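Top line first, the protein sequences correspond to chains A and B.
Taking the working numbering, the leading residue of the first sequence gets 1, the next gets one more, and so forth.
Taking the working numbering, the leading residue of the second sequence gets 254, the next gets one more, and so forth.
Where a beta carbon is used, it is the ideal one built from N, C-alpha and C, also for glycine.
Computed from a prediction, not measured in an experiment: that's the story for all the values here.
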Amino acid sequence: MIVARGVTVRVGPTTLVGGIDLDLYAGEVTAIVGPNGAGKSTLLGALAGDRKLSAGTVTVRGLPVHLMSFAERARARAVLPQRSELSLAFTAREVVQLAGEHVTRELADAYLDTVEMQAFADREYPSLSGGERQRIQLARVLAQLAGSPGAALLLDEPTAALDPKHQRIVLAIARRAAAEDRAVAVVLHDLTLAARWADRVVLMSQGTVLADGEPTLALAPDLLARAYHTSFEVLRGVGGLVIAHDRAHERPS
Amino acid sequence: MRPHAPRILGLLAIALVLGVVISLGRGAVALSPVDVLRSLGAKVGLAEASPQDIAIIWSVRMPRVVLALLVGSALGASGAALQGVVRNSLADPTLLGVSGGAALGAVAAIVLGAPVLAHPTAGIWIVPAAAFTGALATTRLALSLARVEGATSGVTMLLAGIGIAALCSAGIGVLLYLADDAAIRSVTFWSLGSLGGATWAVVGVAALPIVLGLGVLPRYARSLDQLALGEMEARHVGVDVERVISRVVLVSALAVGAAVATCGVIGFVGLVVPYLGRSLLGPSHRALLPACALGGALLLLLGDVLARTVVAPTELPIGVLTALAGAPILLAMVRKGRAQAVLA
Chain A
1 MIVARGVTVR VGPTTLVGGI DLDLYAGEVT AIVGPNGAGK STLLGALAGD
51 RKLSAGTVTV RGLPVHLMSF AERARARAVL PQRSELSLAF TAREVVQLAG
101 EHVTRELADA YLDTVEMQAF ADREYPSLSG GERQRIQLAR VLAQLAGSPG
151 AALLLDEPTA ALDPKHQRIV LAIARRAAAE DRAVAVVLHD LTLAARWADR
201 VVLMSQGTVL ADGEPTLALA PDLLARAYHT SFEVLRGVGG LVIAHDRAHE
251 RPS
Chain B
254 MRPHAPRILG LLAIALVLGV VISLGRGAVA LSPVDVLRSL GAKVGLAEAS
304 PQDIAIIWSV RMPRVVLALL VGSALGASGA ALQGVVRNSL ADPTLLGVSG
354 GAALGAVAAI VLGAPVLAHP TAGIWIVPAA AFTGALATTR LALSLARVEG
404 ATSGVTMLLA GIGIAALCSA GIGVLLYLAD DAAIRSVTFW SLGSLGGATW
454 AVVGVAALPI VLGLGVLPRY ARSLDQLALG EMEARHVGVD VERVISRVVL
504 VSALAVGAAV ATCGVIGFVG LVVPYLGRSL LGPSHRALLP ACALGGALLL
554 LLGDVLARTV VAPTELPIGV LTALAGAPIL LAMVRKGRAQ AVLA
């Protein structure tokens with residue numbers, strides 16, 4: 001469980017996130033959504049212990065994250081970054097093995113299989129497409145979790161470069177991690193994905209939390225309009241909400 | 254480590270032994286490999302050889318060969334390690350200004366520290382200590398210029414290194430101009446390097462910091478691999494990035510400082526050897542660091558054989574040869590980098 005209290009990150013005179021209180025519970029997938037610049041990635045970085053806090057605290061399983069060593073943090077949570085700049089010619093399998101000493105060749109292959117990348121195990125990472133790289137990075141992150149029961153999983157836009165099928169695979173992985181009693185936070189841009197896969201949605205706007213609750217509550221049209229400054233149509237589908245732009249006001253009357 | 258790595262390391266080691274035997278045989282008095290082996294064996298009572306041969310091998314050629322091995326391995330391995338630190342395969346002790354800083358430190362010590370240098374025991378350590386200090390200072394400067402908000406930009410570091418190297422070579426020029434001729438060796442020595450000053454005493458000075466550095470670097474192999482993921486990602490998997498960078502830089506500066514203090518600035522070894530190493534063994538530092546130590550030693554050993562035989566009885570500066578071999582490879586890397594983002 002990760003607990004944030006009064007989390008504030010400032011860079012110079014700009015406040016990226018201000019006074020955020022947030023609890024990430026084990027066994028729950030929390031989606032963090034909001035417009036560009038709302039502070040989603042900054043908040044995730046703060047939860048991961050990456051960002052220096054200007055005020056507030058983040059504790060992971062009761063310990064203040066800034067007092068933990070890097071090795072302790074690595075056992076308490078794994079983080080999938082938005083994109084990775086790895087330019088050396090490691091193979092996909094080698095990238096997964098960078099997760100830690102405990103990741104054997106077999107374990108690495110098993111996680112490549114989980115993200116449907118086993119056929120690429122011996123391919124060099126820089127030669128792969130954006131979506132393929134993202135899945136390999138996800139396999140690395142899962143491999144890091146392997147040795148640490150109860151460690152949290154933090155994913156920053158894991159579906160951005162993926163087609164619908166692979167979006168589904170990634171979010172199913174997030175759900176499975178929650179089923180293993182991990183706290184899972186996912187930054188998402190796709191509101192329908194958030195509504196359908198998360199137990200809880202945190203809607204951010206201008207560095208603060210605008211709504212925090214079940215998808216049907218946090219993704220209400222009026223809240224979305226306030227956060228995004230544009231109007232949405234929120235429909236109830238069979239598998240959850242369907243959220244799309246409302247183009248009504250653009251049509252010639 | 255990839256499956257074929259041990260075989261390649263083994264082949265490099267064998268090539269190195271052969272290279273040593275060949276190198277010991279070449280010179281004003283040519284000795285056959287058999288004579289070389291006899292003279293080597295005679296020292297420990299395993300064979301018989303003429304006293305003249307033994308003297309040539311052990312007093313004249315062996316110090317030079319050992320110095321080539323030490324300096325080559327220092328440049329090769331620290332090149333690979335520094336490339337790991339800045340996550341850029343175009344980094345190299347010369348391009349980053351590490352060698353320039355070392356040379357400036359050494360020249361400053363020689364020109365300005367004459368009274369201390371006259372001291373029989375302290376004197377011999379002053380120049381390498383100054384070279385190490387210069388190397389460390391310039392590397393830290395380049396790093397601090399390249400670090401923005403806790404992340405290092407490889408490209409910025411290279412550009413900073415180019416500026417620093419230029420500044421160092423200007424500083425060396427000024428110092429050499431100020432110095433009286435007797436106090437100092439030539440500009441050529443400091444800009445193109447030479448193994449010509451090799452004696453057992455010089456080997457002793459180079460050996461300690463280089464062996465220490467090469468002994469410590471492999472401990473950071475895994476962290477350097479993880480650093481390739483990016484500094485933030487390396488922290489995520491448990492690497493204390495600041496500590497790893499500062500240790501690797503310290504150890505590399507130590508090894509490069511010792512190399513430059515004894516042989517001047519020899520360029521491109523730290524660039525070309527890791528490049529070839531990566532294409533043979535992949536980027537993992539566990540295999541790469543020992544391979545670059547062996548490969549750097551081999552390159553400098555063979556380079557030195559050429560340097561002292563092609564224009565005998567005079568010598569080519571070894572840096573001319575390493576640049577002749579290295580610069581085209583650098584250009585090829587830049588060209589290839591257009592497609593593969595070497596400058597990422």
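In this structure, the beta-carbon distance from Leu193 (chain A) to Leu203 (chain A) does not fall below 9 Å. At least one CB atom of chain A sits nearer than 9 Å to the CB of Pro536 (chain B). Within 8 Å of the CB of Gly329 (chain B), no CB atom of chain A is found; the nearest one sits about 17 Å away. In terms of CA proximity to Leu271 (chain B), B:Leu554 leads the group B:Ile363, B:Leu554, B:His538 and B:Ile463. Contacts with chain B at 9 Å (Cβ-Cβ) include Ser69 (chain A). Minimum Cα-Cα distance from Asp190 (chain A) among the listed residues A:Pro158, A:Glu94 and A:Thr104 corresponds to A:Pro158. With a 10 Å radius around the Cβ and a threshold of 16 neighbouring Cβ atoms, Tyr430 (chain B) comes out exposed. Not a single C-beta of chain B is nearer than 9 Å to the C-beta of Arg10 (chain A).
Legend: CB atoms of the region 79-102 of chain A lying less than 8 Å from CB atoms of chain B belong to residues Val79, Pro81, Ser84, Glu85, Leu86, Ser87, Leu88, Ala89, Phe90, Thr91, Glu94, Val95, Leu98, Ala99, Gly100 and Glu101. Your pair Ala220 (chain A) and Val29 (chain A) does not check out as a contact, with CB atoms roughly 20 Å apart and the cut at 8 Å. Counting other Cβ atoms within 10 Å of its Cβ, Thr567 (chain B) stays below 16 and is therefore classed as exposed. Close CB contacts of Val456 (chain B) within its chain, under the 6 Å cut and outside five residues either way in sequence, are with Pro316, Val319 and Leu320 (chain order). Listed along chain A is no residue with a C-beta nearer than 7 Å to that of Val587 (chain B); the closest approach is about 14 Å. The alpha-carbon of Gly130 (chain A) is positioned some 57 Å away from that of Leu290 (chain B). Counting only runs of 3 or more residues that sit fully inside the region 180-241 of chain A, the beta strand (DSSP E) segments are 184-187, 200-205, 208-213 and 232-237, in chain order.
Bounds of any alpha helix (DSSP H) do not take in Arg61 (chain A), whose DSSP letter is neither H nor E.
Excluding residues up to 5 positions away in sequence, Ser231 lie with their Cβ nearer than 6 Å to the Cβ of Ala225 (chain A) in the same chain. Shown in chain order are the members of the region 450-481 of chain B whose Cβ falls below 8 Å from a Cβ of chain A: Arg475, Asp478, Gln479 and Ala481.
At a cut-off of 4 residues, the continuous stretches assigned as alpha helix (DSSP H) that sit fully inside the region 20-51 of chain A are 40-48. Three or more Cβ pairs closer than 8 Å define a contact, and the region 379-395 of chain B meets that threshold against the region 501-511 of chain B. For Val518 (chain B), there is no enclosing beta strand (DSSP E), as DSSP marks it with neither H nor E. The beta-carbon separation of Gly354 (chain B) and Ile425 (chain B), rounded to 10 Å, does not stay under the 8 Å limit for a contact.
By alpha-carbon distance to Arg247 (chain A), the top candidate from A:Leu16, A:Met68, A:Leu22 and A:Val234 is A:Val234.
Put simply, the backbone Cα of Met1 (chain A) is about 27 Å away from that of Val11 (chain A).
Under the three-pair Cβ rule at 8 Å, the region 8-27 of chain A counts as touching the region 38-46 of chain A. For Val492 (chain B), the closest Cβ of chain A is nearer than 9 Å. Beta-bridge annotation (DSSP): Leu542 (chain B) is not paired with any residue.
Proximity to Ile275 (chain B) across B:Leu265, B:Val287 and B:Leu264 peaks at B:Val287, based on C-alpha coordinates.
DSSP places Glu116 (chain A) outside both helix and strand once states are collapsed to three, so it counts as coil. According to the DSSP assignment, Ala78 (chain A) belongs to the beta strand (DSSP E) that extends over Arg77 to Leu80. Along the region 41-56 of chain A, the positions whose C-beta sits under 9 Å from a C-beta of chain B are Gly45, Ala48, Gly49, Asp50 and Lys52, read in chain order.
The beta carbon of Leu322 (chain B) lies closer than 8 Å to those of Leu269, Val273, Ala550, Leu553 and Leu554 in the same chain, with the five residues before and after it left out.
Among the residues facing chain B, Gln144 (chain A) is included, as its CB has a counterpart in that chain under 9 Å away. Each residue's CA atom was taken as its position, placing His257 (chain B) and Pro462 (chain B) some 31 Å apart. By the beta-carbon neighbour count (other beta carbons within 10 angstroms, threshold 16), Val513 (chain B) is buried. Any Cβ of chain A closer than 9 Å to the Cβ of Met410 (chain B) would place that residue at the interface, and such an atom is absent.
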